[in-house]
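Visitor: If you count by our numbering, then the sequence shown holds residues 92 to 414, one letter each, in order.
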Amino acid sequence: MRRREFIALLGGITAMWPLAAPGQQAGLPVVGFLNPRSNIKGEKVAAAFRQGLRDSGFQEGQNVTIEYRWAEDEYDRLPALAKDLVARGVAVIVAGGGAWVAAKAATNSIPIIFTSGLDPVSTGLVKSINRPEANVTGATFYSGGALFAKQLELLRQLVPKLSVVAMLVNPSSVSAKSQLRDAAVAARQNGVTLRTVNVDKVSDLDAAFSTIQADALLLTVDPIFDSRPAEIVAGSTRRHIPTMYYIREFVEAGGLICYGASILETYRQAGAYAGRVLAGAKPADLPVVLPTKFELVINQTTAKSLNLTIPATLLSTADDVIE
């Protein structure tokens, strides 16, 4: 065969090769991973999700492909990213943080596995915990009023003469009213006054911190907060106010203390559910996974900067102490 004919034949064969994404293998089921974070900030949750897939018998690159869509902390990008995953015909979408809103709007047929820190029933994610119905189920690290009660109990051990506690809240969140109601009950039980500070969007954070007049600070559980740990910790540091967080990422960013369900365990459970769906299970038959693993993490360096002495009982019961 002459050289020119050989090159023409080779070009024709090349044109027939499938245009697969790097690392994607033709014929493998595809899981769409939709998340409001950046790929750098989301490295740990993505790793936990992949661990859950492996627990269910699915290894990325071997018998499953993962299409990652990161919104880079820009929530208005999520709808377009969700539609892109639907257009690519993924077998299941794992929607982290507040991404489930965009995923639900994009499809009512592709299975959606969510992770959320909100009450999945009151927010309209599912019909019930045990019978989710439709195409949505997942894992939540929501634990209701018990979370605020425990957080305030811990703050009372940390802050002498705790009297007034401020709480950051996103008033536009569908769960804002129920969380504030739970927090108010917990505050009365602990004998403290609760003052709410509204944060409608990330750009409001600086102004919100400037208004805080309290002995300590709490946060409602909300994607607008857990996607911006560095900014919130920086505001707390500027105000020199002891702050209780609900996931460990804040403490790893320099925050004082957190108590709450393990977000990494939640993502692992979501990965395991995605694997079960790939194996043939229907979301409607998979009850929402409730939190069972809780973490107490303390930043000793931050405590010293606030002139706080961590009681030995807290240090001995903490899951992790950051020096």
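Cβ atoms here follow ideal geometry from the backbone N, Cα and C, with glycine treated the same way.
Measuring alpha carbon to alpha carbon, tell me which residue in VAL368, LEU253, ALA352, THR400 is nearest LEU285.
Guide: LEU253
Visitor: Please tell me whether LEU416 and TYR358 are closer than 8 Å, where the distance is taken between their beta carbons.
Guide: Absent from the model: residue 416. The displayed extent of the chain is 92 to 414, so no value can be given.
Visitor: According to the Cβ coordinates, are LEU259 and LEU310 closer than 8 Å?
Guide: yes
Visitor: Just verifying my parser: in three-state terms, what is the DSSP assignment at TYR350?
Guide: strand
Visitor: Which ranges would you report for the alpha helix (DSSP H) in the stretch 239 to 321 if only whole runs of at least 4 residues count?
Guide: 267 to 280, 296 to 302, 314 to 317
Visitor: For LYS395, which residues in the same chain have their Cβ closer than 8 Å to its Cβ, ignoring the five residues on either side in sequence?
Guide: Cβ contact annotation for LYS395 (same chain, cutoff 8 Å, sequence separation greater than five): none.
Visitor: Identify every residue that forms a DSSP beta bridge with ARG160.
Guide: LEU125
Visitor: Only counting runs of 4 or more residues, tell me where the alpha helix (DSSP H) segments fall wholly within the stretch 361 to 401, in order along the chain.
Guide: 391 to 396
Visitor: Roughly how many angstroms separate the alpha carbons of VAL136 and ARG319, rounded to a whole number?
Guide: 15 Å
Visitor: Mind checking whether ALA307 and VAL250 have CB atoms under 8 Å apart?
Guide: Pairing ALA307 with VAL250 gives a Cβ-Cβ distance under 8 Å.
Visitor: So, for LEU369: in the same chain, excluding its five sequence neighbours on each side, which residues have a beta-carbon less than 8 Å away from its beta-carbon?
Guide: PRO120, VAL122, SER147, PHE149, VAL155, ALA182, VAL183
Visitor: Taking Cβ positions, are LEU209 and SER263 nearer each other than 8 Å?
Guide: A distance of 8 Å or more separates the beta carbons of LEU209 and SER263.
Visitor: Can you tell which of VAL388, THR392, ALA372 has its C-alpha closest to the C-alpha of GLY229?
Guide: For GLY229, the nearest C-alpha among the options comes from ALA372.
Visitor: Quick check on DSSP: helix, strand or coil for SER207?
Guide: In the structure shown, SER207 falls within a strand segment according to DSSP collapsed to helix, strand and coil.
Visitor: Would you identify the three-state DSSP class for GLY103, choosing helix, strand or coil?
Guide: For GLY103, the predicted structure reports a pLDDT of 39, less than 50, and the residue's modelled location is therefore unreliable. The matter cannot be settled from this model.
Visitor: Helix, strand or coil: how does DSSP classify GLU343 here?
Guide: helix
Visitor: Do the CB positions of ALA186 and ILE201 come within less than 8 Å of each other?
Guide: no
Visitor: With a Cβ-Cβ cutoff of 8 Å, do TYR364 and LEU377 count as a contact?
Guide: yes
Visitor: Specify the secondary structure class of VAL177 as computed by DSSP and reduced to three states.
Guide: helix
Visitor: When the Cα atoms are used, what is the spatial distance from PHE385 to GLN360?
Guide: 14 Å
Visitor: So, at 8 Å on beta carbons, what are the nonlocal neighbours of ALA299 in its own chain, with the 5 sequence-adjacent residues on each side left out?
Guide: If we look at ALA299 and ignore the five residues flanking it on each side, its Cβ neighbours are LEU259, VAL288, ASN289, VAL290, GLY326.
Visitor: Mind checking which residues open and close the alpha helix (DSSP H) that includes VAL136?
Guide: 134 to 146
Visitor: Answer yes or no: do GLN270 and PRO402 have a C-beta to C-beta separation smaller than 8 Å?
Guide: no
Visitor: Leaving out five residues before and five after ILE191 in sequence, what residues of the same chain have Cβ atoms less than 7 Å from its Cβ?
Guide: Reading the sequence as shown, one finds Trp at residue 191 and not Ile. Closer than 7 Å at Cβ, skipping near neighbours: ILE203, PHE205, SER207, LEU216.
Visitor: Drop a sphere of 10 angstroms on the beta-carbon of ALA383, count the other beta-carbons inside from all chains shown, and report buried for 16 or more, exposed for fewer.
Guide: In the sequence as presented, Ala is not what sits at residue 383; that position holds Thr. The residue in question, THR383, is exposed, as its Cβ has fewer than 16 Cβ neighbours within 10 Å.
Visitor: Rounded to a whole number of angstroms, what is the C-alpha to C-alpha distance between LYS268 and ASN226?
Guide: Going by the C-alpha atoms only, they are around 27 Å apart.
Visitor: Do LEU387 and ALA409 come within 8 Å of each other at the CB atom, strictly closer than that value?
Guide: The criterion of a C-beta distance shorter than 8 Å is satisfied by ALA409 and LEU387.
Visitor: Considering only residues of the same chain and omitting the five flanking positions on each side of GLU134, which have a CB-CB separation below 6 Å?
Guide: Sequence-distant Cβ neighbours of GLU134 in its own chain, meaning closer than 6 Å and more than five residues away, do not exist here.
Visitor: Beta-carbon separation of ARG330 and ILE303 under 8 Å?
Guide: yes
Visitor: Among residues of its own chain, excluding the 5 on either side of ILE332, which ones have a beta-carbon nearer than 6 Å to its beta-carbon?
Guide: LEU308
Visitor: I need the boundaries of the alpha helix (DSSP H) containing THR408, first residue and last residue.
Guide: 403 to 408
Visitor: How about LEU169 and ALA162: do their beta carbons lie closer than 8 Å?
Guide: yes
Visitor: Taking buried to mean at least 16 other C-beta atoms within 10 Å of its own C-beta, is THR231 buried or exposed?
Guide: buried
Visitor: With distance defined between alpha-carbon atoms, name the residue in GLU322, GLY188, LEU397, VAL324 nearest to ASP313.
Guide: GLY188
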